[in-house]
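Take a look at the structure set out below.
2 protein chains.
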Amino acid sequence: MRVDIGNALAATARPGVSADALDRLDDRVAAAHDRIADGMADSEFGYAALNLPETADPAAVEAAVEPLADADTLLTVGIGGSALGAATLVDALGDGLDYHALDNVDPAHVRDLLADLDLADTVVHVVSRSGTTAETLANFLVVRDAMADAGVDWTERTLVTTGVEGNLRDLADDHGLPVLDAPEGVPGRFSALSTVALPAAALAGVDLDELLAGAAAGRDALSGSLYDCPAYAYGAVAYALDVRGASVNAMLPYAEGLETFAEWFAQLWAESLGKDGLGQTPARALGATDQHSQLQLYRAGPRDKLVTMVRPESRPDCAIPETDLDGLDYLAGGDLGGLLDAEFEATEASLAESGVPSVRVELPAVDAHSLGRLLFDIEAACVLAGELYGVETFTQPAVEWGKDAARGLLRGEADLPEKDVLVVE
Amino acid sequence: MRVDIGNALAATARPGVSADALDRLDDRVAAAHDRIADGMADSEFGYAALNLPETADPAAVEAAVEPLADADTLLTVGIGGSALGAATLVDALGDGLDYHALDNVDPAHVRDLLADLDLADTVVHVVSRSGTTAETLANFLVVRDAMADAGVDWTERTLVTTGVEGNLRDLADDHGLPVLDAPEGVPGRFSALSTVALPAAALAGVDLDELLAGAAAGRDALSGSLYDCPAYAYGAVAYALDVRGASVNAMLPYAEGLETFAEWFAQLWAESLGKDGLGQTPARALGATDQHSQLQLYRAGPRDKLVTMVRPESRPDCAIPETDLDGLDYLAGGDLGGLLDAEFEATEASLAESGVPSVRVELPAVDAHSLGRLLFDIEAACVLAGELYGVETFTQPAVEWGKDAARGLLRGEADLPEKDVLVVE
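Sequences listed follow chains A and B, in order.
Here the first sequence is numbered in the working numbering, starting from 709 and rising by one per residue.
Here the second sequence is numbered in the working numbering, starting from 709 and rising by one per residue.
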């Protein structure tokens, strides 16, 4: 992975990081790297995620999905970190598998989706570490019922990833379902390279060995200086820009296959760093489409944005046919990829021209090795940023209040505090 | 539409709007409304969008699509405002039509999509007011070629929306294609209720009369006080919170069908208001899914957010089956919609508990009338906010630099300014 932070420096951008400030920050990166390396060596909670390139067991995943590999459709039942990793891998790399993530409890959507699927030809992958996630378990109960109604033996089509104890483990044991252990010490949002997401990738034809080899290359590249490590260069600059006023990080991949990656990034960044009044707000975007939506704001709005531009260095061919339409001579004989790359470079230059900081991230291609590297490096960037902010990167305490309140409401046990109301209708 | 701004007031939230400040702001709303009403009366550029409930001609749209209505698949070829309105309507209300928006020029995606479609059974709707939008025209040339390769007469399957002059108009005239006029004086991002998006909705089985009746109800509700007009209540509070520090507006619908609406909102808000260093940054979200992704940041991160929570008051049924799984007694016998609503209310209360401002927007249902009302009211809110900021709501000058630079690159005529480079790899 190649990270170019030139357009995030103070010579180009406001806010921007000066060369001296970057040198001073590099001392803190060295200390943070020591902390991270210790955490990895001891497989501490959270830091263990960065060991997945070695600890993941692709053969076990492949063995678990092999009896189900004849299905044309996969339904992941999970939410948040239990769904986004799989969707990211399949949307970027999947080859022909009809994939759906059931990651919300909207009755209209669930009904429509189940009515559309051929359940006899569908694998259901249920993912919940605790085995008690309300949305996931409710959806699973509905799906199981729908399979029974369709005359499908759900025990033949269901795969489970969960912790070593709990509801889902008991259920899997009782019915002899294939079950994979959720990785120890790895929060959901850091679990894309584990049993949480790899089964979906395997069913979608992704080469797990290549994916993990890419991640291992990221691990091997970790080092005590941001100038030697692309992951840390990205994490350090994002942090430095945030504390200088770039409180929004717009993730703008120029590849449709990476649209879900931007969503995965948004979860990782928001839930890991959004603590103690700190944390950069991720904005999900897609190039070139969002040039016609968000770029006006990025260039001319408040000076509170870092734009992260991601692209593959190679793309498949798709020639633009010749035409006699007026004013389109500049397109003719070209290729869609050439047009997309010209827009990438022009947009990057247009941000620099107006002094908006951007970082360029380049991958060899949208392939398994590059994606493994990208996910690992962005995770490492996030862990580094967490060290620099001094927050608890691997927990999400602020969501517990709402979970408890929702359970209380459903049990009829608890009332919510009275709400201030000012209705206009 | 019902807008509850109680949780955005200073009694609950920081930042929050005090009751006195809201009263003072209402004088400015009255003046802005006069300006908007004048613009509508004179069909001025941009303001003309708010006349679409009356000026749109659903019968003409239905007549244009009628000969194509046997197709199972629709492909919109457009970008930005020429695609998002159609996607918003079809994703919320469409019934069974296989819908795709070709709104990017990624060669991998375009190739895969065209390989998957049965082009003989596909309607192509090409949308570009100017007839020269690079991405749209390049994609159209590729699609036309693919149809020819598949032995399909593209002139039998193509519908055009464009201006009264230009490339696409000439093309349509030369080949006798059905063609609809892009609405006069209506910027793309305000064109969801026009010939730009209504053809897709009609093909997807949406009741255009109901949709426009909902919008007309929004128009009829415009008045000189935010206390009497939900659209203005929303626009005024969003503006007031932004200038008090809520520089991010997280659009969080609790309905899968409104996921694309959040994207449409993000375009409308960003491109209309992101000017002169001003403008609130939209963040696209989805409830309940993003409780497991963004909520940690919203509650515990920087105090720079307004959370806009949208939900329908009625949902279809989808019962949660009984279960003997441990700890899930509170779900049993309930309904997915009840779970989703409990999460909505618990999340809203959890934001209030931590002092984060939110606004609640409620629709009777996700149906044509309600969606027409929602789109109209959010457009009116945006126009009002533009008046309060004092920006040029209806233009997007900051994107021109990049468009020119991309054309220059592709023509081989212009070099970009030299880039600052600091590469880590």
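The beta-carbon is built from N, C-alpha and C at its ideal position, and this holds for glycine as well.
Note that the structure is a prediction, hence the values are computed from the model and not measured.
Along the stretch 1049 to 1082 of chain B, going in chain order, the ones with a CB nearer than 8 Å to a CB of chain A are Ala1050, Glu1051, Glu1053, Ala1054, Thr1055, Glu1056, Ala1057, Ser1058, Ala1060, Glu1061, Ser1062, Val1074. Put simply, the backbone Cα of alanine 1089 of chain B is about 27 Å away from that of methionine 959 of chain A. Counting only runs of 4+ residues, the alpha helix (DSSP H) found wholly inside the stretch 748 to 827 of chain A occupies 760 to 763, 766 to 773, 792 to 801, 815 to 824, in chain order. Within the stretch 797 to 827 of chain B, Asp811, Asn812, Val813, Asp814, Pro815, Ala816, His817, Val818, Arg819 place their CB atoms closer than 7 Å to a CB of chain A, listed in sequence order.
Residue pairing for proline 1020 of chain A: DSSP places it in a beta bridge opposite A:Leu1071.
The beta carbon of tryptophan 862 of chain B sits closer than 6 Å to those of Arg852, Met855, all from its chain and outside the five residues before and after it, given in chain order. Put simply, the backbone Cα of aspartate 750 of chain A is about 35 Å away from that of leucine 810 of chain A.
By the CB criterion at 8 Å, proline 1065 of chain A and alanine 716 of chain A fall inside the cutoff. By the criterion of at least three beta-carbon pairs nearer than 8 Å, the stretch 998 to 1011 of chain B is in contact with the stretch 975 to 990 of chain A.
Scanning its chain for C-beta atoms nearer than 7 Å, with the 5 sequence neighbours on each side dropped, one finds around valine 1099 of chain B the residues Leu981, Lys983, Asp984, Leu986, in chain order.
Between methionine 709 of chain B and chain A, the shortest Cβ-Cβ separation is below 8 Å. Residue state for threonine 840 of chain A is assigned as coil, using DSSP reduced to three classes. With a cutoff of 8 Å on beta-carbon distance, leucine 1048 of chain B and alanine 970 of chain B are scored as not near each other. Under a 10 Å Cβ-count criterion, glycine 788 of chain B is classified as buried, with 16 or more other Cβ atoms of the shown protein chains found around its own Cβ.
Among the CB atoms of chain B, none fall inside 8 Å of the CB of arginine 722 of chain A.
Counting C-beta pairs closer than 8 Å gives three or more between the stretch 777 to 786 of chain B and the stretch 814 to 831 of chain B, which meets the contact rule. Identification of residues in the stretch 865 to 890 of chain A having a C-beta nearer than 9 Å to some C-beta of chain B yields Gly874, Asn875, Leu876, Asp878, Leu879, given in sequence order. Chain A places no beta carbon closer than 8 Å to that of histidine 833 of chain B, leaving this residue out of the contacts. The stretch 746 to 765 of chain A and the stretch 887 to 894 of chain A touch, with no fewer than 3 CB-CB distances between them shorter than 8 Å.
Look at the stretch 1108 to 1122 of chain A: the residues with a C-beta under 7 Å from a C-beta of chain B are Trp1109, Gly1110, Ala1113, Ala1114, Arg1115, Leu1117, Leu1118, Arg1119. In the displayed model, valine 1129 of chain B falls within coil according to three-state DSSP, outside both helix and strand.
Contact of cysteine 1090 of chain A with chain B is not assigned, every C-beta pair being separated by 8 Å or more.
The beta carbon of serine 931 of chain B does not come within 8 Å of any beta carbon belonging to chain A, so the residue lies off that interface. Sorting A:Ala974, A:Tyr940, A:Gln1104 by C-alpha distance to the C-alpha of glutamate 1133 of chain B places A:Tyr940 at the top.
Counting other Cβ atoms within 10 Å of its Cβ, alanine 905 of chain B reaches 16 or more and is therefore classed as buried. When DSSP states are grouped into helix, strand and coil, lysine 983 of chain A belongs to the coil group. With contacts defined as CB atoms closer than 8 Å, glycine 932 of chain A and alanine 721 of chain A fail to qualify as a contacting pair. Excluding the 5 residues flanking it on each side, cysteine 1026 of chain B has same chain C-beta neighbours closer than 8 Å at Asp1043, Leu1044, Gly1045, in chain order. A residue is called buried once 16 or more other Cβ atoms fall within 10 Å of its Cβ, and glutamate 964 of chain B is buried on that count. Burial check for serine 726 of chain A: the Cβ neighbour count within 10 Å stays below 16, so the residue is exposed. In the structure shown, aspartate 746 of chain A adopts helical secondary structure according to DSSP, grouped into three states. A Cβ of chain B is located within less than 8 Å of the beta carbon of glycine 1042 of chain A.
Those residues of the stretch 840 to 866 of chain B placed with their C-beta closer than 8 Å to a C-beta in chain A are Thr840, Ala842, Glu843, Leu845, Ala846, Asn847, Leu849, Val850, Arg852, Asp853, ordered along the chain. Scanning chain B for C-beta atoms nearer than 9 Å to the C-beta of aspartate 734 of chain A yields nothing, as the closest lies near 11 Å away. Within the DSSP bridge table, the entry for valine 831 of chain B names B:Leu782 as partners. For valine 1091 of chain B, the enclosing alpha helix (DSSP H) starts and ends at 1076 to 1097.
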